[in-house]
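Going by the working numbering, the letters in the sequence shown line up with residues 36 to 385, in that order. Ideal placement from N, C-alpha and C gives every residue a C-beta, glycine not left out.
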Amino acid sequence: MAGSSSARSSSFSRYLEGDCCSLKERLRTEIIRSDLFQKSSYDLSLDEMRDLTSERVHYLLKLPIFQQHLKEQLENKKDFIQKSLAIAEVICAADMATGVKMGVLCGLFGGAVTNLGSPEQKTKWYLPIRDLQFTGMFAMTERGHGSNVRGILTEAMYEPSSQKFIIHTPCEDAKKMYIGNAMKGNYAAVFAQLIMNGESQGPHCFIVPIRDERGNMYPGVSAVDMKHKEGLHGVDNGILAFDNVRIPRENLLSRFGAVSADGEYRSPVKSKGARFNAMLAALTPTRLALTVQAMAAMKLGLIIAVRYSHSIHFKVSQHEWLEKLAFSRWKVHYTLHCSALLYSRDGQIP
């Protein structure tokens, strides 16, 4: 009888987990084995919480299961998005701050490089992330332009004489806000208006050095710590600003637009509007992780509610509870599954 009950429980669990059940279980096992995830963060200072989160991220990145996953991201495997969402859910359930920081590093910075960069740039800027040689951040949001990416004010002016871009924050509203990993990251994927001969070619993404390997800030770059927030204290959000920071011409991620040595702008997409849409569409899969993070938190709350319901007397039967739980989980899983399929290799925007 016990075996039968166990089998039903296992079968039900697999149903709720979906297609990536095995992957999730292997990752959970690795997390449970780590002492880093057994530590409580409730009595830690802000710096201690951030350090613990960084240690957890490094632990996960070294795991063979994660190394293989990052390799698949670089190779643009067909089912990468679906697996990525599954991994994000497990990590966020274990520790939300670790999940968010991992998302910034691999999903946002790594996603910008793999989706907007050339093959050479992927090798240069993505592989070191996988090998823990440096860390990155994603700098799109500005004080005056949250979701209005087309209207961002940060400038990237090309200087033909030096073959460099000059990254500059022209005003307060152009400061990059709520940037995850801002206080520890080495490089930032910065979105700025590409200006050629006084004319803007629209927002493009540039890899901008922020700190050296010892943590020293590069000249012209400033970072302001946003300190405590309403949760996620393990994530070091900050405000970035640039004062005429010069970067090599090759630091422009060039899948949708590049600048030659003599200062000629070239793009496979001629229309500025179509080019802008293509750039953002390429980044859309990484935004799906936000829904998974919310779902992980929702599941934890649901577990607490269900367990509590068993400690008091309800007129609702256990069978009815399980039916409602399964249906709710199916709706969320199905929505995410459809979203992932939209951005599989067959449906991905070229």
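Closest by C-alpha distance to residue i, when choosing among the options
i: Ala-324; options: Asp-271, Val-125, Gly-292 and His-93; result: Val-125
i: Gln-328; options: Met-261, Ala-313 and Ile-122; result: Ile-122
i: Leu-96; options: Thr-133, Ala-331 and Met-175; result: Thr-133
i: Lys-157; options: Met-330, Glu-285, Met-333 and Ser-295; result: Glu-285
i: Asn-183; options: Leu-162, Ala-191, Lys-211 and Glu-194; result: Lys-211
i: Ser-76; options: Ala-332, Tyr-94, Ser-69 and Leu-87; result: Leu-87
i: Phe-311; options: Pro-154, Arg-185 and Leu-275; result: Arg-185
i: Ala-258; options: Leu-337, Ile-100, Met-218 and Phe-115; result: Met-218
i: Pro-205; options: Phe-115, Asn-216, Met-231 and Arg-178; result: Arg-178
i: Ile-248; options: Glu-265, Val-270 and Tyr-222; result: Correcting the residue type first, residue 248 is Glu in the shown sequence and not Ile. Out of Glu-265, Val-270 and Tyr-222, Tyr-222 has the C-alpha closest to the C-alpha of Glu-248.
i: His-180; options: Lys-74, Glu-207, Thr-64 and Pro-154; result: Glu-207
i: Phe-277; options: Arg-68, Leu-109, Val-243 and Ser-57; result: Val-243
i: Ser-89; options: Asn-216, Ile-100, Arg-246 and Met-175; result: Asn-216
i: Thr-176; options: Gly-53, Ile-274, Tyr-343 and Lys-74; result: Ile-274
i: Lys-74; options: Arg-91, Tyr-343, Lys-59 and Thr-64; result: Arg-91
i: Glu-194; options: Pro-154, Arg-281, Ala-309 and Ile-245; result: Arg-281
i: Leu-58; options: Met-137, Ile-100 and Glu-107; result: Ile-100
Between the CA atoms of residue j and residue i - distance to the nearest angstrom
i: Asn-279; j: Lys-159; result: 24 Å
i: Leu-267; j: Ser-289; result: 33 Å
i: Arg-43; j: Arg-49; result: Because Arg-43 carries a pLDDT of 38, less than 50, the predicted location of this residue cannot be relied on, and the following value inherits that uncertainty. Each residue's alpha carbon lies about 10 Å from the other.
i: Cys-55; j: Gln-117; result: 8 Å
i: Phe-241; j: Asn-111; result: 21 Å
i: Val-135; j: Ser-196; result: 41 Å
i: Ala-37; j: Asn-150; result: A caution first: Ala-37 carries a pLDDT of 37, below 50, which makes its placement in the model too unreliable to give a value.
i: Asp-260; j: Val-148; result: 25 Å
i: Ala-209; j: Asn-272; result: 17 Å
i: Gln-102; j: Glu-234; result: 42 Å
i: Leu-105; j: Cys-141; result: 8 Å
i: Ala-316; j: Gly-152; result: 14 Å
i: His-239; j: Leu-287; result: 7 Å
i: Ile-214; j: Ile-66; result: 26 Å
i: Ala-227; j: Arg-301; result: 17 Å
i: Glu-190; j: Val-225; result: 10 Å
i: Glu-299; j: Met-192; result: 13 Å
i: Ala-313; j: Ser-119; result: 22 Å
i: Gln-383; j: Thr-319; result: Residue confidence is low: Gln-383 scores 45 on pLDDT, short of 50, so the model does not pin down where it sits. No coordinate-derived value is stated.
i: Pro-283; j: Leu-81; result: 36 Å
i: Ser-407; j: Glu-52; result: What is shown of the chain runs 36 to 385, which leaves residue 407 out entirely.
i: Met-231; j: Ile-187; result: 16 Å
i: Thr-64; j: Ala-309; result: 45 Å
i: Gly-336; j: Thr-326; result: 15 Å
i: Tyr-343; j: Met-330; result: 20 Å
i: Glu-83; j: Glu-155; result: 37 Å
i: Ile-245; j: Ile-338; result: 41 Å
Cβ pair residue i, residue j closer than 8 Å
i: Leu-229; j: Gly-220; result: no
i: Gly-146; j: Thr-321; result: yes
i: Ala-340; j: Met-131; result: no
i: Leu-71; j: Tyr-94; result: yes
i: Val-436; j: Phe-115; result: The shown model of the chain, from 36 to 385, leaves out residue 436, and the question about it has no answer.
i: Ala-128; j: Lys-262; result: no
i: Tyr-161; j: Leu-109; result: yes
i: Arg-85; j: Gly-269; result: yes
Backbone secondary structure at residue i - three-state DSSP
i: Arg-178; result: coil
i: Arg-380; result: Because the pLDDT at Arg-380 is just 47, under 50, the model does not fix this residue reliably, and the point stays unresolved.
i: Phe-311; result: helix
i: Arg-43; result: Confidence at Arg-43 is low in this model, with a pLDDT of 38, below 50, so its placement is unreliable and the value that follows should be read with caution. Arg-43 falls in the helix class under three-state DSSP.
i: Phe-291; result: coil
i: Arg-68; result: helix
i: Asp-54; result: helix
i: His-203; result: strand
i: Arg-284; result: helix
i: Gly-145; result: helix
i: Phe-241; result: strand
i: Gln-73; result: coil
i: Glu-110; result: helix
i: Gln-103; result: helix
i: Ser-235; result: strand
i: Gly-171; result: strand
i: Ala-331; result: helix
i: Met-192; result: strand
i: Gly-336; result: helix
i: Ser-48; result: helix
i: Arg-301; result: strand
Within-8 Å CB hit, residue i to chain D
i: Leu-51; result: Protein chains in the displayed structure number just one, and chain D is not present.
Closer than 7 Å: residue i CB and nearest the ligand SAH heavy atom
i: Cys-240; result: Looking at this structure, you won't find the ligand SAH or any other ligand, since it has none at all.
| said: Could you check whether the region 338-348 touches the region 159-176, counting it as contact only if at least three pairs of C-beta atoms, one from each stretch, sit closer than 8 Å? | reply: no
Item checked: the region 303-310 / the region 243-253 touching (three or more Cβ pairs under 8 Å) -> no
Exercise for review: Decide yes or no for the touch test of the region 289-299 against the region 189-200: beta carbon pairs closer than 8 Å, at least 3 of them.
Suggested key: yes
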